[in-house]
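Read through the structure below, which is laid out as structure tokens, and then see the notes.
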Amino acid sequence: MTHRVLIAAELKNLLEPAQLDGLDVTWIAADQPTPKGDWVAIVPLLSRWIGGTELKNLPRLRLVANCAVGYNNVDVVAAEMRKVIVTNTPDVLTEATADLTWALILACARRLMEGVDLVRSGRWTGWHPEQLLGLELRGRTLGLFGAGRIGQAVGRRAPPFGLRVLYTARTPKPAFERDTGAVRVEWSRLLAECDILTLHTPSTPETKGIIDSGTLRRMKAGVILVNTARGDLVREEALAIALEEGWLGAAGLDVYADEPAIHPRLLAAPRTVLLPHIGSATHETRRKMAAIAVANVRAVLKGEPPLTPVFR
Ligand code: NAP
Numbered sequence: 364m365t366h367r368v369l370i371a372a373e374l375k376n377l378l379e380p381a382q383l384d385g386l387d388v389t390w391i392a393a394d395q396p397t398p399k400g401d402w403v404a405i406v407p408l409l410s411r412w413i414g415g416t417e418l419k420n421l422p423r424l425r426l427v428a429n430c431a432v433g434y435n436n437v438d439v440v441a442a443e444m445r446k447v448i449v450t451n452t453p454d455v456l457t458e459a460t461a462d463l464t465w466a467l468i469l470a471c472a473r474r475l476m477e478g479v480d481l482v483r484s485g486r487w488t489g490w491h492p493e494q495l496l497g498l499e500l501r502g503r504t505l506g507l508f509g510a511g512r513i514g515q516a517v518g519r520r521a522p523p524f525g526l527r528v529l530y531t532a533r534t535p536k537p538a539f540e541r542d543t544g545a546v547r548v549e550w551s552r553l554l555a556e557c558d559i560l561t562l563h564t565p566s567t568p569e570t571k572g573i574i575d576s577g578t579l580r581r582m583k584a585g586v587i588l589v590n591t592a593r594g595d596l597v598r599e600e601a602l603a604i605a606l607e608e609g610w611l612g613a614a615g616l617d618v619y620a621d622e623p624a625i626h627p628r629l630l631a632a633p634r635t636v637l638l639p640h641i642g643s644a645t646h647e648t649r650r651k652m653a654a655i656a657v658a659n660v661r662a663v664l665k666g667e668p669p670l671t672p673v674f675r
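Numbers in this note's numbering are just positions in the sequence shown, counted from 1, shifted up by 363.
Right, here's the structure in full:
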């Protein structure tokens, strides 16, 4: 028996034909609306909203297999009410996203974009002792807001750079503390003490907008802010103003509140490194993410438990 399944068309090249055996696949491109019909599973990208209306239009749906670890594009309450399982793709993207977080930390600290622009512009006149001086990492403090899979992977890369690690999370992480010397602190202490703040929580009602004009003012002058989590953790206009005023040292962002739109003031702000949401974008990771999403579909349609449900 074949099962009718909707899969994001952008995943086609990342999946092997054998992974789709037994599935009657309808490919939907990101710019196509979610159709109405008798599909039993959907594998969406994080740009596709799956809410009450979409679930109502798919009355036979048994599973939303999100191709991302974050699932803020799915109304999980509406899904639960309809007994639709929601899965995500944790773990496989942890190291890739941690690497990209470090790319942003280093790019901000050492003013990489300004250096690239200078060379490309043809205005570089040669080595100068005071040219593009940046932040020395050794001896500074890295603050992690959220220390789950990705936050810890970022923190584990910090000791070789000579950084002290502070973190804020809902629960203590003893193994992480033992391995890295990281210290769990209250949010207010994290803000006050770090030289680099990286964000690693999901987007929830508690974390949305947590970086606003008030929190930015509570940080040390010159701090570097890096966000590879979700864009709506940060109030983009407030961030742009802090950069314009010179209060914030730099911002490295991979995610935005209203992707792919970026607040015009933030686009124009100085000392930013702005990436197009590529945290997990390595060949290996993207293949693994697609594979896990489809493996969840196959498991559920066989009557087995999902491999990576968002709620256990
Ligand atoms: P995770 O393992 O679930 O970790 C989330 C962390 O956030 C946990 O430490 C959790 O604390 C903490 N947290 C949640 N709510 C909090 C709150 N109100 N205050 C303080 N801490 C809070 O998730 P992950 O796999 O590391 O992924 C983190 C996020 O990264 C995802 O949700 C996703 O949005 C984003 N992401 C982005 C990309 C990209 O392409 N840029 C790629 C992958 C993931 P506890 O541990 O105490 O529960």
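Just so you know, even glycine gets a beta-carbon here, dropped at the ideal spot from N, CA and C.
If you're wondering where the values come from, they're calculated on a predicted model, not measured in any experiment.
Placement of the Cβ of G615 at a distance of 8 Å or more from every heavy atom of the ligand NAP is found.
Remark: C-beta atoms of D394 and H366 do not approach each other more closely than 9 Å.
Rounded to whole angstroms, P672 and V663 show a C-alpha spacing of 10 Å.
For S643, the CB falls within less than 8 Å of some heavy atom of the ligand NAP.
In the DSSP secondary-structure assignment, T561 is bridged to L507, V589. With 16 or more other Cβ atoms from the protein chains shown falling within 10 Å of its own Cβ, R649 counts as buried. In this model, L426 and T450 are separated by some 8 Å (Cα to Cα). The beta carbons of E600 and R628 sit closer together than 9 Å. The beta carbon of L562 lies closer than 6 Å to those of F508, N590, A592, L596 in the same chain, with the five residues before and after it left out. Between A654 and W490, the alpha-carbon positions lie close to 48 Å from each other. Residue state for G615 is assigned as strand, using DSSP reduced to three classes. For A654, the uninterrupted alpha helix (DSSP H) segment begins and ends at 646-664. Looking only at E373, W550, N659, the smallest Cα-Cα distance to T531 is reached by W550. Exclusion of the five residues before and after A658 leaves L670 as the residues of its chain whose Cβ lies within less than 7 Å of its Cβ. Shown here for P565: same chain residues with a beta carbon closer than 6 Å to its own, the five before and five after excluded, namely G433 in chain order. Annotated as distal: P396 and V437, with beta-carbon spacing of 9 Å or more.
Distance from the CA of H640 to the CA of L588, rounded to the nearest whole angstrom, comes to 16 Å. The beta carbon of G518 sits no closer than 8 Å to any heavy atom of the ligand NAP.
In this structure, F539 sits away from L500, with a CB-CB distance that is not shorter than 9 Å. By the neighbour-count criterion, in which a residue is buried when 16 or more other Cβ atoms sit within 10 angstroms of its Cβ, A428 is buried. In this chain, the alpha helix (DSSP H) harbouring L469 covers 457-472.
The C-alpha of I468 lies about 36 Å from the C-alpha of I391. In this structure, the beta-carbon distance from T504 to D558 falls below 9 Å. Going by beta carbons, V586 and G612 fall inside the 9 Å limit. For A538, the enclosing alpha helix (DSSP H) stretches over residues 537-543. Non-local beta-carbon contacts of D462 in its own chain, meaning distances under 6 Å to residues more than five positions away in sequence, are absent. Here I574 is bridged, per DSSP, to V597. In this structure, C471 sits near G615, with a CB-CB distance shorter than 9 Å. Counting along the chain, no alpha helix (DSSP H) covers R520, and no H or E run does either. According to DSSP, residue pairing for H491 in a beta bridge does not occur. For T450, there is no enclosing alpha helix (DSSP H); the enclosing beta strand (DSSP E) has its first and last residue at 448-450.
In the three-state scheme derived from DSSP, where H, G and I count as helix and E and B as strand, P396 is classed as coil.
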